[in-house]
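Notes follow once the structure below has been shown.
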């Protein structure tokens, strides 16, 4: 069953590996479920059922005109869980933008079937810099993402975005150029409409009201040198607002932990799941 049809008729591409307690992996913007492959394999090998899917508008999923708000994306998650039968004793793991889907599912769907959650480099609780969120990202920086995509999407992703994503600089180069090329290729699989609409969604959706809905053990992992999603506006604020949460900070780590710190991330997830 490689595809699930959502309640509004969108086809969602699903990977379903292994058997056991389900772990649902939600990918970041603007990638696809392929970014989770090493962790998904490790989970399946460890006796879990790893389910990862391409968000609507990205990867191999359908690219409808509408539905890139977090309410609809949380409904997509609910539909995938129901269609795969992974709607009990499930753990939700959201990376970056995917953390917002976890938060909105917990509030909008009451956390149905979820026994644990993990937020990795997540945008939760609020990305935008405001008077009451001073550590967030300025509006002009978020607008610059859309401007760069509209001007030259391949150049923006390859030479600007993915370098920051993986912490590549003049001295630091924690991943190979091949990883940068691979991430760029995943980013370019997404539709222009969905890429822009989701950037608007993750940059401007306030998940602070959703935090109280986390009623399960929650692991929060974030790099202290994440310049894509600043840790003070995200992980540290989320840990302060989510009861029964555990914050693990990766010192000096950038945003793309699944590649730069893949083994550590895998081990931390397996340890958390084994509790």
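Numbering (the UniProt record's numbering), first residue to last: 1 to 275. All C-beta atoms in this analysis are idealised placements derived from N, C-alpha and C, irrespective of residue type, glycine included. Just so you know, these numbers come straight off a predicted model, no measurement behind them.
Pull up the distance between the alpha-carbon of residue 139 and that of residue 244, whole angstroms please.
By one-based count along the chain shown, residue 139 stands at place 139. By one-based count along the chain shown, residue 244 stands at place 244. Using only the alpha carbons, I get a separation of about 32 Å.
Output the residue ranges of the beta strand (DSSP E) runs that lie fully inside the segment 113-161 and measure 3 residues or longer, sorted by chain position.
Entirely contained in the segment 113-161, the beta strand (DSSP E) runs reaching 3 residues are, in chain order, 114-120.
Would you say residue 49 and residue 94 are within 8 Å of each other, going by their C-beta atoms?
Position 49 of the chain shown, counted from the start, is the residue given in the question as residue 49. Position 94 of the chain shown, counted from the start, is the residue given in the question as residue 94. Against a cut-off of 8 Å, the Cβ pair of residue 94 and residue 49 comes out as no contact.
Cα-Cα separation between residue 206 and residue 18, rounded to whole angstroms:
To locate residue 206, count along the chain shown from 1; it is residue 206. To locate residue 18, count along the chain shown from 1; it is residue 18. One alpha carbon belongs to residue 206, the other to residue 18, and they sit about 35 Å apart.
Cβ-based burial, residue 153 [other Cβ within 10 Å; buried from 16]:
On the chain shown, position 153 is the one that residue 153 refers to. Buried, since its Cβ has 16 or more Cβ neighbours within 10 Å.
Residue 42 vs residue 124 beta-carbon contact at 8 Å
Taking the first residue of the chain shown as 1, we reach residue 42 at position 42. Taking the first residue of the chain shown as 1, we reach residue 124 at position 124. Going by C-beta atoms, residue 42 is not nearer than 8 Å to residue 124.
Just the Cα atoms here: how many angstroms apart are residue 137 and residue 271?
The count along the chain shown starts at 1 and reaches residue 137 at position 137. The count along the chain shown starts at 1 and reaches residue 271 at position 271. Roughly 32 Å separates the two Cα atoms.
In three-state terms, what does DSSP make of residue 88?
For the purposes of this step, residue 88 is identified with residue 88 of the chain shown, where counting begins at 1. The answer is coil: DSSP assigns residue 88 none of H, G, I, E or B.
Residues near residue 259 by beta carbon distance below 7 Å, same chain, minus five either side
Stepping through the chain shown from its first residue, residue 259 is reached at position 259. Taken in chain order, the residues that qualify are 166, 175 and 179.
Determine the closest residue to residue 77 out of 53, 141, 155 and 66, with distance taken between C-alpha atoms.
Residue 77 sits at position 77 when you count from the first residue of the chain shown. It is 53.
Which term fits residue 130, buried or exposed, when burial requires 16 or more other beta carbons within 10 angstroms of its beta carbon?
Stepping through the chain shown from its first residue, residue 130 is reached at position 130. When all chains shown are included, residue 130 counts as exposed.
Give, in chain order, every unbroken run of the alpha helix (DSSP H) that is at least 4 residues long and sits entirely within the segment 211-256.
For the segment 211-256, whole alpha helix (DSSP H) runs of length 4 or above, ordered along the chain, are 235-241.
Using three-state DSSP, classify residue 203 as helix, strand or coil.
In the chain shown, residue 203 corresponds to position 203, counting from 1. Residue 203 sits in a helix when the DSSP states are folded into three classes.
Hey, could you find the ends of the alpha helix (DSSP H) residue 182 is sitting in?
What you label residue 182 is simply residue 182 of the chain shown in a count that begins at 1. Its alpha helix (DSSP H) spans residues 177-187.
Only counting the same chain, and skipping five residues up and downstream in sequence, which positions put a Cβ closer than 7 Å to that of residue 81?
Taking the first residue of the chain shown as position 1, residue 81 is located at position 81. Closer than 7 Å at Cβ, skipping near neighbours: 24, 87, 90 and 113.
Classify residue 65: buried if its beta carbon has 16 or more other beta carbons within 10 angstroms, exposed otherwise.
Here residue 65 is taken as the residue at index 65 of the chain shown, counted from 1. Under this definition residue 65 is an exposed residue.
Please classify residue 275: is it buried, with 16 or more other beta-carbons within 10 angstroms of its beta-carbon, or exposed?
Here residue 275 refers to the residue found at position 275 of the chain shown. The residue is exposed, with fewer than 16 neighbouring Cβ atoms inside 10 Å.
Beta-carbon proximity of residue 117 to residue 216, cut-off 8 Å
One-based indexing of the chain shown puts residue 117 at position 117. One-based indexing of the chain shown puts residue 216 at position 216. Taking 8 Å as the Cβ cut-off, residue 117 and residue 216 qualify as a contacting pair.
If we count Cβ pairs, one from each stretch, closer than 8 Å, do we get three or more for the segment 251-267 versus the segment 141-158?
Touching, no.
What did DSSP end up calling residue 37 once you bin it into helix, strand or coil?
In the chain shown, residue 37 corresponds to position 37, counting from 1. The DSSP-derived three-state label of residue 37 is helix.
Host beta strand (DSSP E) of residue 26 (start-end)
For this step, residue 26 is matched to residue 26 along the chain shown. Taken as a continuous stretch (DSSP letters only), the beta strand (DSSP E) holding residue 26 covers 22-26.
Is it the case that the Cβ atoms of residue 234 and residue 107 are separated by a distance below 8 Å?
Looking up residue 234 in the chain shown gives position 234. Looking up residue 107 in the chain shown gives position 107. Cβ distance not < 8 Å, so residue 234 and residue 107 don't count as in contact.
Three-state secondary structure assigned by DSSP to residue 59
For this step, residue 59 is matched to residue 59 along the chain shown. The answer is coil: DSSP assigns residue 59 none of H, G, I, E or B.
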